[in-house]
Amino acid sequence: MSRQNIVILGSTGSIGANTLEVVGRFKDKFRLIGISAGSNIKTLKNQIERFKPEFVAVYNEEKAEQIKKGLKGTKVFSGLEGVCRLASLRDVDTVVIAVTGSIALLPLLEAIRSNKKIALANKEALVVAGHIITEQLQKNPKSQIIPVDSEQNAIFQCLKGYDRSMINRIYLTASGGPLINCKKSNLKHVSPEHALAHPRWKMGKKITIDSATLMNKGLEVIEARWLFNIPLEKIKVVVHKEAIIHSLVEFIDGSMLGQLAVTDMKLPIQYALSFPERWYNNGQLKLDLSKLKSLSFAKPDFKKFPCLELAYYAASQGNMLPCVLNAANEEAVEAFLNHRIIFTKIPCVIEKLLKKHKDLKNSNRLIDLLELDHTARVQARELIGELAK
Ligand SMILES: NC(=O)c1ccc[n+]([C@@H]2O[C@H](COP(=O)([O-])OP(=O)(O)OC[C@H]3O[C@@H](n4cnc5c(N)ncnc54)[C@H](OP(=O)(O)O)[C@@H]3O)[C@@H](O)[C@H]2O)c1
Numbered sequence: 019m020s021r022q023n024i025v026i027l028g029s030t031g032s033i034g035a036n037t038l039e040v041v042g043r044f045k046d047k048f049r050l051i052g053i054s055a056g057s058n059i060k061t062l063k064n065q066i067e068r069f070k071p072e073f074v075a076v077y078n079e080e081k082a083e084q085i086k087k088g089l090k091g092t093k094v095f096s097g098l099e100g101v102c103r104l105a106s107l108r109d110v111d112t113v114v115i116a117v118t119g120s121i122a123l124l125p126l127l128e129a130i131r132s133n134k135k136i137a138l139a140n141k142e143a144l145v146v147a148g149h150i151i152t153e154q155l156q157k158n159p160k161s162q163i164i165p166v167d168s169e170q171n172a173i174f175q176c177l178k179g180y181d182r183s184m185i186n187r188i189y190l191t192a193s194g195g196p197l198i199n200c201k202k203s204n205l206k207h208v209s210p211e212h213a214l215a216h217p218r219w220k221m222g223k224k225i226t227i228d229s230a231t232l233m234n235k236g237l238e239v240i241e242a243r244w245l246f247n248i249p250l251e252k253i254k255v256v257v258h259k260e261a262i263i264h265s266l267v268e269f270i271d272g273s274m275l276g277q278l279a280v281t282d283m284k285l286p287i288q289y290a291l292s293f294p295e296r297w298y299n300n301g302q303l304k305l306d307l308s309k310l311k312s313l314s315f316a317k318p319d320f321k322k323f324p325c326l327e328l329a330y331y332a333a334s335q336g337n338m339l340p341c342v343l344n345a346a347n348e349e350a351v352e353a354f355l356n357h358r359i360i361f362t363k364i365p366c367v368i369e370k371l372l373k374k375h376k377d378l379k380n381s382n383r384l385i386d387l388l389e390l391d392h393t394a395r396v397q398a399r400e401l402i403g404e405l406a407k
């Protein structure tokens, strides 16, 4: 394989930093063309010094102006438009989308329209607009999404060579998050610091809170539906505390295939970038099967963690309600992280917003989705304001 020209959207985050490590390990395989951040220009500057990309994009316009000063040899784009420009640069082969939140939607669509190979870590864009993204991929068949999310990456690996008609079920594994052993009655006392202490994965704040509420699995159910073109009722969630099996596929003959590995996001990132090849990697930790005592599996507790059920519900109600689910969740998680609402109010905000929009009609127009996203966020903030009083 010749060198891949690559850009990383969200290079300053957890997935972004891991991707840079993978790029650093395989210097002969990549040319890093561009990186981007929301507003963290301190980390971005360090990355520019180390990797010397030709282009950077900063979403926050003021910070973009600040970083421009003193930068030589690197062109700076700004705003969402700047992030989209980075996603569609002519000489780029691969776009890694490691931005958090549905803000990734427009850059993702830009990358598809520009026929890029996309290593997609972001889940919110597919949750919000899976039908529109699918339609764009059909119009631009040279573009392809390879999932980075460890569960989706596992399924992607298990499905290689199999037709969709041979799938009976998909099992997304859930480590259960930091609150798996917390009593339901104690959830209202959970602080952001407690919820951020994930036992298995070190990730960005938003996804860590999503793991604590199990909304992360709900988002993955919707993500899997679009990525693999699988009906919702065939996608199941199973709690697997050890987080060794990253997900499983059950085929129509009853056989199951799963993907096992250590919990390190660099592995799915590397696979997404090397696909369809596999690259030898002596820096990657390997699983020592002899040290595995047991692997456990259990049903998720839908009562204790209502977000998972809310996600199934939203996804079953047409193509617009997941946008409301996501907007309400993004706003509620931020409010929880800022100590404005308690942990147990996160599902309350989402449920109330879903009820408000229960009669939504389907639409395939991007503009309708963007307007709905805006409205739902305004409503969620109002609701949070009332709950915070
Ligand atoms: N972390 C994981 O292990 C993991 C695993 C599977 C899937 N994912 C998914 O991958 C995505 C990223 O997760 P993460 O944990 O890496 O998040 P993170 O650590 O919070 O990083 C988010 C990145 O997005 C950038 N960003 C934030 N707001 C932006 C905006 N408005 N415009 C442009 N860029 C913006 C951030 O820039 P600043 O640093 O400037 O804020 C940062 O580079 C999420 O969708 C998550 O669900 C993550």
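Here this note's numbering is used: the first residue of the sequence shown is 19, the next is one more, and so on. We put the CB at the ideal spot given by N, CA and C, even for glycine.
query	result
Along the alpha helix (DSSP H) that carries N344, what are the first and last residues, could you check?	L339 to L355
Excluding sequence positions up to five away, which residues of its chain have a Cβ less than 8 Å from the Cβ of P340?	V145, V146, G148, I240, A329, A332 and A333
Under 7 Å: does the beta carbon of S4 sit that close to some heavy atom of ligand 1?	What the structure shows of the chain is the stretch from 19 to 407, and residue 4 is not part of that stretch, so it cannot be assessed.
Keeping to the same chain, check which residues put their C-beta closer than 8 Å to that of K254; ignore five residues upstream and five downstream.	R187, I188, Y189 and L190
Check whether the Cβ of S57 lies closer than 7 Å to any heavy atom of ligand 1, and answer yes or no.	yes
Can you say whether R243 is buried or exposed, counting buried as having 16 or more other CB atoms within 10 angstroms of its CB?	buried
Rounded to the nearest angstrom, what separates P71 and T92 at their Cα positions?	6 Å
Please name the residue in E389, R43, S20 and Y77 whose C-alpha comes closest to that of T30.	Y77
Could you spell out the range, first to last residue, of the alpha helix (DSSP H) harbouring L62?	I59 to F69
Compute the minimum distance between the beta carbon of W244 and the heavy atoms of ligand 1, and state whether it is under 7 Å.	no
For ligand 1, is there a heavy atom less than 7 Å away from the beta-carbon of I188?	no
Beta-carbon within less than 8 Å of K379's beta-carbon, same chain only, minus the 5 sequence neighbours each way: which residues are those?	G336 and M338
Does any C-beta atom of chain C lie closer than 8 Å to the C-beta of K322?	In the structure shown, chain C cannot be found, because there is only a single protein chain.
Indicate whether I33 and A139 have their beta-carbon atoms separated by less than 8 Å.	yes
If L129 and A143 are in contact, beta carbons under 8 Å, what's the gap, nearest whole angstrom?	The displayed chain sequence assigns Ala, not Leu, to residue 129. Not a contact, Cβ separation roughly 11 Å.
Do F246 and L355 have their C-beta atoms closer together than 8 Å?	no
If you measure between the beta carbons of V25 and I51, is that distance less than 8 Å?	yes
Take P249 as the anchor and find which of E39, R182 and K363 has the nearest alpha-carbon.	R182
Curious, which full-length alpha helix (DSSP H) runs of at least 4 residues does the stretch 94-162 contain?	97-105, 123-131 and 142-157
Would the stretch 393-401 count as touching the stretch 359-371 if we require 3 or more Cβ pairs under 8 Å?	yes
Apart from the five residues on each side of it in sequence, which residues of its chain come closer than 6 Å, Cβ to Cβ, to R43?	G301
For ligand 1, is there any heavy atom lying closer than 7 Å to the beta carbon of M233?	no
Which value, in whole angstroms, describes the spacing of the CA atoms of N382 and K407?	38 Å
How is I270 classed by DSSP in three states: helix, strand or coil?	coil
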